[in-house]
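*Asks:* Whatever position you read off the first sequence (first residue = 1), add 796 for the numbering used here. Backbone N, C-alpha and C fix where the C-beta goes; we use that ideal spot for every residue, glycine too. Note that this is a predicted model, so its numbers are computed, not measured. My questions all concern the structure below.
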Amino acid sequence: MNRKFPHCFGTFGPGLEVCRVCYARVQCQDRTTRPRRDRQQVVQAGVWEGEITGPDFELGHTLGSGQVFRWGRDADGWWKGIAYGTAFHLRQKGDRIAFKASAEGVKTYAGEMGVRDFLVWYLRTDEAPRVRVPRQDRHLRKARGLLRGLRFVRQDPFECMISYILSVQAHMNLTKRRINFLARILGEGILFLGERYWTFPRPEALSDLNGDYYRRHKFGWRSERVAMAARYMAEQLEDMDRSWDLGVWQEVGQGLYELSGSGVGLKVAKCIDLFSLDRLDAVPVDTWVRKMAKDWYGVTGSDAKICAWAEERGGKWAGYMNEYLFAYYRELNGQTIYDQVLSFCETEIPSAELPFETSG
DNA sequence: GGCCAGGCGCGAC
DNA sequence: GTCGCGCATGGC
């Protein structure tokens, strides 16, 4: 056995072998039909700096709420993350948000934007949610007051879909690690301010691999679901003549929900709707929301029932109404600081999982 | 070591 | 349509 080169440990797609050392797709012992993918290839990025304003906006609540998996607060106080193929450092002082970005322009399903416009769009800094509080609802009044500056980030739909399929019945830090793993081996590297970031893999990259591959890497029973969902989306991408605007992504989200075995049930579908498809009236019902609905409102029953109750009650802003309650309930009942976005933002401890490696 | 984690899918009714 | 159970894996 030649120790100098990586070894294949299996075939996980048509003619696709994967190195057991770096887990990347590599040309290994001349047995693969795929071109070599050099995991060390990292593009050095420039730095674009500036500032946007965010009145009535809280960066920490927004990026620390648990919605996004590829952001974290570093020990130096900056929020660092990668979105739409661009790495960012962000920090808020008052209503000003300083940014450093790895690119001048960012491509999204809504078109290409300058980095400043992108951040306003991505963070929704210019949109104030209007959640009305029924007179007697003291929980919601308190929650809204504490979390007023929170926004739903406009996540990349593909990343959001795969991420929430992976999130099923797993702790968030574990999900973050799995997502970072995928990016690390199948994404593109960006060297930014001395840190290595990895873009979220493209649909083709994920769909090249079958469920055995993800299972090998301990994704458990999410394995076949990730493979199926990625395959479905890669096929849609090939079939679709139109460009991938929001309407197309909404169709794809619906398709995944209807596709049994894709890993997208009611809860994940609502997360996708709310976090990436601009449906701010969607309410994902998870284990926290279920407990909260019972403890605070006496509402019990199936998740579908609780969902219908919450969406009816909240109307067009139901997503925010639920998020306030969800975050406040978790603040009061969470077991760790990472469950408690308000407490976490008051400390200076870094996030448990950060989306980059320090270059060395 | 047992319980649970931001559920889903499938088979019984 | 809805209810109950099995499902991998890791953290606490």
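Quick one: residues in its chain with C-beta nearer than 6 angstroms to the C-beta of G842, no 5 flanking neighbours on either side, listed in chain order?
*Replies:* none
*Asks:* Can you pull the DSSP bridge partners for M909?
*Replies:* V902
*Asks:* Go to Y993, then tell me how far its alpha helix (DSSP H) extends in each direction, as first and last residue.
*Replies:* It is not in any alpha helix (DSSP H) - Y993 instead sits in the beta strand (DSSP E) that spans E991 to W994.
*Asks:* Taking only the alpha-carbon atoms, compute the straight-line gap between G806 and V911 and give it to the nearest angstrom.
*Replies:* 41 angstroms
*Asks:* Counting only runs of 3+ residues fully inside the segment 1114 to 1155, write out the beta strand (DSSP E) ranges in chain order.
*Replies:* 1152 to 1154
*Asks:* Between which two residues does the beta strand (DSSP E) carrying Y1015 extend?
*Replies:* Residue identity check: residue 1015 is Phe in the sequence provided, not Tyr. Premise fails: F1015 is in no beta strand (DSSP E) and is neither H nor E.
*Asks:* Short of 7 angstroms in beta carbon distance, which residues of its chain neighbour R892, apart from the five on each side in sequence? Order them along the chain.
*Replies:* Result list for R892: E847 and T849, in chain order.
*Asks:* Classify A1065 as helix, strand or coil using the three-state DSSP reduction.
*Replies:* helix
*Asks:* Hey, A1026 and L1002 are a contact pair by Cβ (cut 8 angstroms); roughly how many whole angstroms apart?
*Replies:* 4 angstroms
*Asks:* When you compare each of M1024, A1023 and L936 to F1122 by their alpha carbons, which one comes out closest?
*Replies:* L936
*Asks:* Tell me which residue opens and which closes the alpha helix (DSSP H) that W1105 is part of.
*Replies:* D1099 to G1110
*Asks:* Output yes or no for whether 8 angstroms exceeds the beta carbon distance between P1151 and G809.
*Replies:* G809 sits away from P1151, with the two beta carbons spaced by 8 angstroms or more.
*Asks:* Compute the distance between the beta-carbons of S1072 and R950, then report whether it is under 8 angstroms.
*Replies:* yes
*Asks:* Going by Cα to Cα distance, which pick from G856, D852 and G1007 is closest to S1139?
*Replies:* G856
*Asks:* Taking just the CA atoms, how far does R998 sit from A906?
*Replies:* Rounded to whole angstroms, A906 and R998 show a C-alpha spacing of 18 angstroms.
*Asks:* Where G1016 and A883 are concerned, what is the direct C-alpha to C-alpha distance, given to the nearest angstrom?
*Replies:* 30 angstroms
*Asks:* Just to confirm my understanding: we take D1074, look at its own chain, exclude 5 residues before and 5 after, and list those with CB closer than 7 angstroms. What are they?
*Replies:* L1042
*Asks:* If we count the other Cβ atoms within 10 Å of its Cβ and call it buried at 16 or more, is V839 buried or exposed?
*Replies:* exposed
*Asks:* Return the first residue and the last residue of the beta strand (DSSP E) that H967 is part of.
*Replies:* Counting along the chain, H967 falls outside any beta strand (DSSP E), and DSSP gives it neither H nor E.
*Asks:* May I ask which residues mark the beginning and end of the alpha helix (DSSP H) holding V839?
*Replies:* Run containing V839: none in the alpha helix (DSSP H); it sits in the beta strand (DSSP E), V838 to Q840.
*Asks:* For the segment 1088 to 1097 and the segment 1062 to 1072, state whether three or more C-beta atom pairs, one from each stretch, are separated by less than 8 angstroms.
*Replies:* no
*Asks:* Can you round the beta-carbon distance between L919 and T858 to whole angstroms, since I take them to be within the 8 angstroms contact cut?
*Replies:* In this structure, L919 and T858 form a Cβ contact; the two beta carbons are roughly 6 angstroms apart against a cut-off of 8 angstroms.
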